[in-house]
Each structure stands twice: as structure tokens, then as C-alpha cells.
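Here's the structure we're looking at; comments come further down.
Below, the structure is given as C-alpha cells:
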């Protein structure tokens with residue numbers, strides 16, 4: 128049995144270990160402890176972890192810009208997949224975003240992450256072909 132609770136900065140080390148062990152997940156400078164703490168403070172109660180037998184087995188982060196929600200880093204330990212954990216984490220994010228009046232959300236999936244793409248398409252999310260995303264890093268690492 129698994130449980131879902133709000134992610135805190137105390138979960139950072141376990142979340143990073145889980146992400147590093149998950150194919151298709153790309154960590155950047157923006158995933159530093161400081162950046163993650165800032166993100167959680169800016170978007171309180173919108174990121175979640177799942178635990179089973181006292182072990183962190185899943186996570187998802189989300190936030191919003193006042194109009195649109197943004198989901199990031201949905202990860203479930205391979206040994207705990209196909210148990211509804213991913214769906215439960217996504218639903219918690221979308222429910223909390225909806226309570227704030229955010230009805231449309233986005234997620235970025237690396238083009239090399241075939242299993243991620245299959246998951247999101249299987250959940251009814253639509254691949255956008257009408258826009259391009261452009262990024263600019265003004266200072267610091269190119270991986271931000």
C-alpha cells in the first residue's frame with residue numbers, strides 16, 4: 128500500500144536519488160537543493176511524494192503562473208509501477224491546481240523519453256504541434 132503526501136525540502140535527497148535512477152529523467156542546475164526549495168516555497172502544497180513501507184517510491188512537482196499549471200518530474204520507482212501511483216500523484220496535482228482556478232496544465236517530456244510520452248498520451252494529454260518552446264539562459268550553466 129502506498130500513501131501520497133505533500134513534498135517538502137526534507138524529501139530532496141530521496142527525490143534526487145529516485146530521479147537519478149530513472150531513465151528519461153534529466154537533472155539540470157535548476158534541480159539544485161536551493162532551486163527546489165525556492166520552487167516548493169513559491170508553489171506551496173502543489174508537489175507530492177508517494178511512500179510505500181517507509182520508502183519514497185514516487186514524486187511529482189507542479190506549480191503555476193496564475194493561468195496555467197506546469198507538472199514536472201513525474202517519477203515512480205520501476206518496482207512500484209502499474210499500481211496507480213503515477214495516476215494518484217498526477218491527480219493530486221491537478222486537483223490542487225483546479226482548487227486555485229488553474230484548469231489547463233502542461234508537461235514537458237524529453238523527445239528521448241519514449242515511456243514518458245506513452246504514459247502522458249495514454250492519460251489523454253495531447254502532444255502540441257502548434258507551438259515551439261524557446262529557452263534562454265542569461266547567466267550560469269547552460270543546463271539551467
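Residue numbers (this note's numbering): 128 to 271.
Virtual Cβ for every residue (Gly too), placed ideally from N, Cα, C.
{"query": "Beta strand (DSSP E) containing residue 132: first to last residue?", "result": "129–133"}
{"query": "So what's residue 215 in DSSP terms, helix, strand or just coil?", "result": "helix"}
{"query": "I want to know whether the stretch 214–230 touches the stretch 183–194 - three or more CB-CB distances under 8 Å.", "result": "yes"}
{"query": "Curious, which full-length alpha helix (DSSP H) runs of at least 4 residues does the stretch 163–235 contain?", "result": "212–226"}
{"query": "Can you tell me which of 177, 150 and 232 puts its alpha carbon nearest to the alpha carbon of residue 251?", "result": "232"}
{"query": "Looking at residue 184 and the ligand FAD, is the gap between the Cβ and the nearest heavy atom below 7 Å?", "result": "Looking at this structure, you won't find the ligand FAD or any other ligand, since it has none at all."}
{"query": "Mind checking whether residue 242 and residue 151 have CB atoms under 8 Å apart?", "result": "yes"}
{"query": "Mind reading off the beta-carbon distance from residue 131 to residue 159? Whole number of angstroms is fine, and I expect it under 8 Å.", "result": "Actually they are not in contact, since the Cβ atoms of residue 131 and residue 159 sit about 25 Å apart, beyond 8 Å."}
{"query": "Out of curiosity, what's the CA-to-CA distance linking residue 134 and residue 259?", "result": "31 Å"}
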